[in-house]
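Trainee: Residue numbers (UniProt numbering): 1 to 448. All C-beta atoms, glycine included, are put in the ideal place defined by N, C-alpha and C.
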Amino acid sequence: MDSLPVELLSRIFVNVLPPELDDARYYYLRKDPTSLQASISCVCKRWNQVAKLTARLWTFIKISNKSRSHSTMKRRLQLSGKLPLNVSMRLSSNTDEDGDRKEAEESFYEMHKLLLEQVARWKTLSVQGTVEVPSELRRWIPSELPNVVSLSLSVLVLAGLSESDMDSREPFISAPRLTFCASDSPVSGLGFTSHGPTDVLATVAKMTFPLTYCPLLREYHAIAIGFNGLFQTPRSSIWRRLVGMLSQKCPLLEVLQVTVDSDYILSSANDSSQGDWPVLPSLTTLSFANKLNSPDICCVLTKLNAPRLGRIEFRYHSATHCSIKDIRFPAENDGRVLFSIVCAASVTQLLSRIPNAADLQVELDADSIIDGDPSFREAETWESRRSPAIIARLRGWWESVQQNIPKVSWVVPSSEGEGSWKRLGGADLSLDDAIAYLDHRMGVWLKR
1 MDSLPVELLS
11 RIFVNVLPPE
21 LDDARYYYLR
31 KDPTSLQASI
41 SCVCKRWNQV
51 AKLTARLWTF
61 IKISNKSRSH
71 STMKRRLQLS
81 GKLPLNVSMR
91 LSSNTDEDGD
101 RKEAEESFYE
111 MHKLLLEQVA
121 RWKTLSVQGT
131 VEVPSELRRW
141 IPSELPNVVS
151 LSLSVLVLAG
161 LSESDMDSRE
171 PFISAPRLTF
181 CASDSPVSGL
191 GFTSHGPTDV
201 LATVAKMTFP
211 LTYCPLLREY
221 HAIAIGFNGL
231 FQTPRSSIWR
241 RLVGMLSQKC
251 PLLEVLQVTV
261 DSDYILSSAN
271 DSSQGDWPVL
281 PSLTTLSFAN
291 KLNSPDICCV
301 LTKLNAPRLG
311 RIEFRYHSAT
321 HCSIKDIRFP
331 AENDGRVLFS
341 IVCAASVTQL
351 LSRIPNAADL
361 QVELDADSII
371 DGDPSFREAE
381 TWESRRSPAI
391 IARLRGWWES
401 VQQNIPKVSW
411 VVPSSEGEGS
421 WKRLGGADLS
431 LDDAIAYLDH
441 RMGVWLKR
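1) Among Ala51, Leu256 and Pro413, which one has its Cα closest to the Cα of Gly81?
2) Quick check on Leu53: buried or exposed, where buried means 16 or more other Cβ atoms within 10 Å of its Cβ?
3) Taking three-plus beta-carbon pairs below 8 Å as touching, is the stretch 390–401 in contact with the stretch 413–425?
4) State the Cα-Cα distance for the pair Ile223 and Val131, rounded to the nearest angstrom.
5) Taking the beta carbon of Arg395 as the centre, do at least 16 other beta carbons fall within 10 Å, making it buried, or is it exposed?
6) Considering just the uninterrupted stretch of the beta strand (DSSP E) at Gln118, what are its terminal residues?
7) Where in the stretch 50–92 do unbroken runs of the alpha helix (DSSP H), each at least 4 residues long, occur, reported from the N-terminal end onward?
8) Could you round the C-beta distance between Pro142 and Leu116 to whole angstroms and report it? I think they count as a contact, below 8 Å.
9) Inspect the CB distances between the stretch 118–129 and the stretch 78–92 and report whether three or more fall short of 8 Å.
10) Taking the straight line between their C-alpha atoms, what separation do you get for Leu283 and Glu105?
11) Considering only their Cβ atoms, is the gap separating Tyr213 from Pro176 smaller than 8 Å?
12) Given Asn65, which residues of its chain have a CB within under 7 Å of its CB, disregarding the five upstream and five downstream residues?
13) Which of helix, strand or coil does DSSP assign to Val408?
14) Could you check what DSSP says for Trp140 in three-state terms: helix, strand or coil?
15) Does Trp277 come out as helix, strand or coil in the three-state DSSP assignment?
16) In terms of DSSP beta bridges, what is Arg423 paired with?
17) Going by DSSP, what residue range makes up the beta strand (DSSP E) through Ile312?
18) What do you reckon, are the CB atoms on Asp278 and Val243 nearer than 8 Å?
19) Mapping DSSP to helix, strand and coil, what is Leu286?
20) Within the same chain, show all residues whose beta-carbon is closer than 6 Å to that of Phe180, passing over the 5 residues directly before and after it, in chain order.
21) Under 8 Å, do Arg308 and Ala289 count as touching if we go by C-beta distance?
22) Spatial neighbours of Asp428 within its chain, please: CB distance less than 7 Å, with the 5 preceding and 5 following residues excluded, ordered by chain position.
23) State the DSSP-derived secondary structure class of Arg308, mapped to helix, strand or coil.
24) Arg56: buried (16+ other C-beta within 10 angstroms of its C-beta) or exposed?
25) Quick one: Cα of Met245 to Cα of Phe209, how far?
Right, dumping it as structure tokens:
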């Protein structure tokens, strides 16, 4: 209830009122103030009855080791009946006073124990936060997730690498029904001790992909934390190691998204080893996100062995003069390339490095190309940055794309869900028509 907007709560209030109090919806304030209290009481009573009998309202379970009371979560677990659960854990390094920390830990242990007893009901699991040492991950994340279909892990390990905890960084999660997974490489202090860069990369690759058994996995997001430039280029690539594990354990993998928070991990990704990379037999989509501007991203593009690859997505990508070499799709595939939140100049540079660009289906995010990164816009303060000079340059580029990329599709983010797109038109779509559509859509949003 706390997360519901006031507008929705007001609609619930009005529609839950029983017929005998219908007049109170409109006249109670000026006729009889006591009827307001009666209406609220009646609504709360009825809502309480309906909510308690609707088990699906209580299937979202959130626990945190910073919370001092999980009594609400216990009640929610009871009211959820036997339906599948969506579990969210928030882990924080302990900085509280001893008394407060002990109280929070005891409450968290109790709730975690109750959840573990019903692990067979878990449908989705999200774990975020920080832990002191790698072994804490195994303490909170079950090694067997029999019915989980979606797993998201973003946990930073504060301790550096050491001889004593290398085993605790091995993959340990079995999820036979998992279809989606997103995980990062939880490496912080990087106290290398006796380990060299190659050992570090091997360990990070394993922790980036913590699964031992996931035969049904179809989509994987690798969120790689940078190494802060603490060592030079190693002999072997973290990406090759990661791809090797995906090839071995995920024969049905269709979508691979790579998100990099630092250039250093990519500059550490040069692959000097001989031979082809392991095959990803079912991969159809490769996506790069979050300002990948390292020249060594090309190792993933040029060495990835995916015979069914038909789509590459660039999001937040800033191309440099040597950023991407040749991008090639398997000859028999009808390749598609998507550019989203990428400036026009970068699109031109990237397209120039695709030898058969004219034969590809190129999708361009018209929204971000015309008006920039939408994350920096606010409905109340957003103003168009379309000066005559900017529009003139954009128009020339737009017409160049129309002439040189005959199979272009101009798209905008769709309201159907994250990652979905709405097609505005093809090579015949004019810049003026695209701007008119964006202006109309912005006007609709501002009126909401």
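Mentor: The structure says:
1) Start at 1 with the first residue of the sequence shown, and residue 81 comes out as number 81. Looking at the Cα atoms, Ala51 is the closest of the given residues.
2) For the purposes of this step, residue 53 is taken as residue 53 along the sequence shown, with counting starting at 1. Exposed is the call here.
3) They do not touch, by the three-pair rule.
4) By one-based count along the sequence shown, residue 223 stands at place 223. By one-based count along the sequence shown, residue 131 stands at place 131. Computed Cα separation, rounded: 18 Å.
5) Walking along the sequence shown from the start, residue 395 turns up at place 395. Exposed is the call here.
6) Residue numbering aside, residue 118 sits at position 118 when the sequence shown is read from its first letter. Unbroken run through Gln118: none, as it is neither H nor E.
7) 71–79
8) Position 142 of the sequence shown holds residue 142. Position 116 of the sequence shown holds residue 116. Confirmed, about 6 Å.
9) yes
10) As a working mapping, residue 283 is identified with position 283 in the sequence shown. As a working mapping, residue 105 is identified with position 105 in the sequence shown. Distance from the CA atom of Leu283 to the CA atom of Glu105, rounded to whole angstroms, is 43 Å.
11) In the sequence shown, residue 176 corresponds to position 176, counting from 1. In the sequence shown, residue 213 corresponds to position 213, counting from 1. Yes, they are a contact pair.
12) Indexing the sequence shown from 1 puts residue 65 at position 65. For Asn65, where only same-chain residues beyond five positions count, the Cβ hits under 7 Å are Leu91, Ser92, Ala104, Glu105 and Phe108.
13) Residue 408 sits at position 408 when you count from the first residue of the sequence shown. Reduced to three states, the DSSP call for Val408 is coil.
14) One-based indexing of the sequence shown puts residue 140 at position 140. Reduced to three states, the DSSP call for Trp140 is helix.
15) In the sequence shown, the residue the question calls residue 277 occupies position 277. Trp277 carries a coil assignment under DSSP once its states are collapsed to helix, strand and coil.
16) Here the question's residue 423 lines up with position 423 in the sequence shown. Answer is Val411, bridged to Arg423.
17) In the sequence shown, residue 312 corresponds to position 312, counting from 1. Taken as a continuous stretch (DSSP letters only), the beta strand (DSSP E) holding Ile312 covers Arg311 to Arg315.
18) Along the sequence shown, read from residue 1 onward, the residue named residue 278 stands at position 278. Along the sequence shown, read from residue 1 onward, the residue named residue 243 stands at position 243. This sequence places Pro at residue 278; Asp is not what is there. Contact flag set, yes.
19) Within the sequence shown, the letter at position 286 stands for residue 286. It is a strand residue.
20) As a first step, residue 180 must be located in the sequence shown, where it is residue number 180. Closer than 6 Å at Cβ, skipping near neighbours: Ser150 and Glu219.
21) One-based indexing of the sequence shown puts residue 308 at position 308. One-based indexing of the sequence shown puts residue 289 at position 289. Contact: no.
22) Position 428 of the sequence shown, counted from the start, is the residue given in the question as residue 428. Around Asp428: no qualifying Cβ.
23) As a first step, residue 308 is located in the sequence shown; it is residue number 308 there, counting from the start. Reduced to three states, the DSSP call for Arg308 is coil.
24) By one-based count along the sequence shown, residue 56 stands at place 56. Around the beta carbon of Arg56, a 10 Å sphere encloses fewer than 16 other beta carbons of the protein chains shown; the residue is thus reported as exposed.
25) In the sequence shown, residue 245 corresponds to position 245, counting from 1. In the sequence shown, residue 209 corresponds to position 209, counting from 1. Phe209 has its alpha-carbon roughly 8 Å from the corresponding atom of Met245.
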